[in-house]
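Student: There's a structure below that I have some questions on.
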Amino acid sequence: MVRRPFGWTGVAVPVIGQGTWNMERADRAEAVAAIRRGLDAGMTHVDTAEMYGSGRVEELVGEAIAGRRDDVCLVSKVLPQNASFSGVLRACEASLRRLGTDHLDVYLLHWPGRHPLEQTIAGFERLVRDGKTRFYGVSNFDVEELERAVALAGADRIACDQVLYHLEERAIEHAVLPWCERHRIAVVAYSPFGSGRFPAARSAGGRVLAEIARARGATPRQVALAFLVRRAGVFAIPKAARLDHVLENAAAGELTLSAEEEARLERAFARGRPPRGVPML
Ligand code: NAP
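Residue numbering for the sequence shown follows my numbering, starting at 147 and increasing by one per position.
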């Protein structure tokens, strides 16, 4: 599994990690086993949130990482409605309890909300000071919101922006991604398989994926993941509750596409026009 610096933090994080949204719907023992297999295979970036299963997913993640906390880059998120100064501190304590750990690696604001961002950031700074999280970041922020966040927090404080990014949703490439690259803020691609809507094998794009996959002895999903993390500041967090899916995704962390393969995919999956704001799921 290839690792690279997580933006300005410099922490080496695997290019392919593990999402956990909706994992409470899977068989619990299988989901726990899947996360553990993912860790064994190097997918040690584990993404969760207080929102997922109303806390049940954090409990499941806690079970999966028990005894190997130090191997994991553990990320959780506070809901916007909880993101006042004191709300952030309370939400973090509750997440830590469910996760069975005394600290997070990165704590994110799940999406922009009604609480003033300066309060949220002050809460995050307090958590860093108290050792409850090593870093903090944001999710679903567009460039304007990122600019505000950096103006409030200062340079080299916001670790990442977690955003929707998959082959059929490349909007972040217009502005969010280059802006984050300039500010050395990691970009974490969520729903990298379109949240279950992966390009159909018979579609034009699906055929290009299949051809490249065949030539490289890989699968279309592995090619898709390799494409998404082709730039140095990007990480992807596919969610897989099935063991075979986990292993397939982890192996994508070894695949590097050629410039020609990337160009073919660029053409097959149009980037589209610059969006207003940042697309969300
Ligand atoms: P996703 O990762 O794009 O797709 C997940 C779906 O793909 C699941 O149905 C999974 O099936 C399937 N899958 C995974 N690997 C596969 C493989 N190798 N072959 C075939 N199918 C495969 O969707 P997502 O869960 O929306 O996004 C990933 C993570 O990003 C989330 O879990 C969450 O942690 C994060 N996220 C964050 C936000 C945010 O606002 N910050 C929003 C959405 C998602 P199985 O589970 O059955 O294996």
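Ideal Cβ placement from N, Cα and C applies to all residues, glycine included.
What first and last residue would you give for the alpha helix (DSSP H) that runs through Asp390?
Tutor: In the sequence shown, the residue the question calls residue 390 occupies position 244. Here the alpha helix (DSSP H) through Asp390 covers 389-397.
Student: Within a Cβ cutoff of 6 Å, which residues of the same chain sit near His261, ignoring the five residues on either side of it in sequence?
Tutor: Taking the first residue of the sequence shown as position 1, residue 261 is located at position 115. Here the set comprises Ala229, Ser230.
Student: Report the partner residues of Cys306 according to the DSSP bridge assignment.
Tutor: As a working note, residue 306 is residue 160 in the sequence shown. Answer is Ala332.
Student: Tell me whether Phe287 sits in a helix, a strand or coil according to DSSP, three-state version.
Tutor: Working through the sequence shown from its first residue, we reach residue 287 at position 141. It is coil, neither helix nor strand.
Student: Can you determine whether any heavy atom of the ligand NAP sits closer than 6 Å to the C-beta of Arg155, and answer yes or no?
Tutor: Residue 155 sits at position 9 when you count from the first residue of the sequence shown. According to the sequence as given, residue 155 is Thr; it is not Arg. Answer for Thr155: no, Cβ out of range of the ligand NAP.
Student: Let me know the secondary structure DSSP gives Pro95 once reduced to three states.
Tutor: Residue 95 lies beyond the range of the chain shown here (147 to 427); nothing can be said about it.
Student: Taking Leu245 as part of the alpha helix (DSSP H), name the residues at either end of that continuous run.
Tutor: By 1-based counting over the sequence shown, the position of residue 245 is 99. From DSSP, the alpha helix (DSSP H) with Leu245 extends over 231-245.
Student: What residue does the beta strand (DSSP E) around Phe381 start on, and which one ends it?
Tutor: By one-based count along the sequence shown, residue 381 stands at place 235. Here the beta strand (DSSP E) through Phe381 covers 380-382.
Student: Sort Pro425, Glu412, Glu394 by Cα distance to Ile162 and report the nearest one.
Tutor: For the purposes of this step, residue 162 is taken as residue 16 along the sequence shown, with counting starting at 1. Considering only alpha carbons, the answer is Glu394.
Student: How is the beta strand (DSSP E) around Pro345 delimited, first residue to last?
Tutor: The residue you call residue 345 lines up with position 199 of the sequence shown. That residue, Pro345, is in no beta strand (DSSP E); it is neither H nor E in DSSP.
Student: From Gly259 to Ile318, what does the alpha carbon distance come to, in whole angstroms?
Tutor: Here residue 259 refers to the residue found at position 113 of the sequence shown. Here residue 318 refers to the residue found at position 172 of the sequence shown. Distance between the alpha carbons of Gly259 and Ile318: 20 Å.
Student: For Leu313, name the three-state secondary structure that DSSP assigns.
Tutor: By 1-based counting over the sequence shown, the position of residue 313 is 167. Of the three classes helix, strand and coil, the one that applies to Leu313 here is coil, per DSSP.
Student: If we ignore side chains and look at the alpha-carbon of each, how far apart do Glu209 and Gly283 end up?
Tutor: Here residue 209 refers to the residue found at position 63 when the sequence shown is read from its first residue. Here residue 283 refers to the residue found at position 137 when the sequence shown is read from its first residue. About 25 Å.
Student: Looking at the secondary structure, which residues open and close the beta strand (DSSP E) in which Ala158 lies?
Tutor: Here residue 158 is taken as the residue at index 12 of the sequence shown, counted from 1. Segment 158-160, the beta strand (DSSP E) holding Ala158.
Student: Would you say Leu298 touches the ligand NAP, meaning its beta carbon is less than 6 Å from a heavy atom?
Tutor: Numbered from 1 along the sequence shown, position 152 holds the residue referred to as residue 298. No, the Cβ of Leu298 stays beyond 6 Å of every heavy atom of the ligand NAP.
Student: In terms of alpha-carbon separation, which member of Ile383, Trp325, Phe287, Ala297 lies closest to His312?
Tutor: Within the sequence shown, residue 312 is the residue found at index 166, counting from 1. Measuring from the Cα of His312, the nearest candidate turns out to be Ile383.
Student: What number of angstroms, rounded off, separates the C-alpha of Met169 from the C-alpha of Tyr336?
Tutor: Translated into positions along the sequence shown, residue 169 becomes position 23. Translated into positions along the sequence shown, residue 336 becomes position 190. Met169 and Tyr336: Cα-Cα distance of roughly 15 Å.
Student: Where does the unbroken alpha helix (DSSP H) through Arg182 begin, and where does it stop?
Tutor: Counting from 1 along the sequence shown, the entry for residue 182 is found at position 36. Start and end: 174-186.
Student: Ala398 to Gly184, Cα distance in whole Å?
Tutor: Residue 398 sits at position 252 when you count from the first residue of the sequence shown. Residue 184 sits at position 38 when you count from the first residue of the sequence shown. If I take the Cα positions, the gap works out to 12 Å.
Student: Does the Cβ of Asp173 have 16 or more other Cβ atoms within 10 Å, making it buried, or fewer, making it exposed?
Tutor: To locate residue 173, count along the sequence shown from 1; it is residue 27. It is exposed - the Cβ of Asp173 has fewer than 16 other Cβ atoms within 10 Å.
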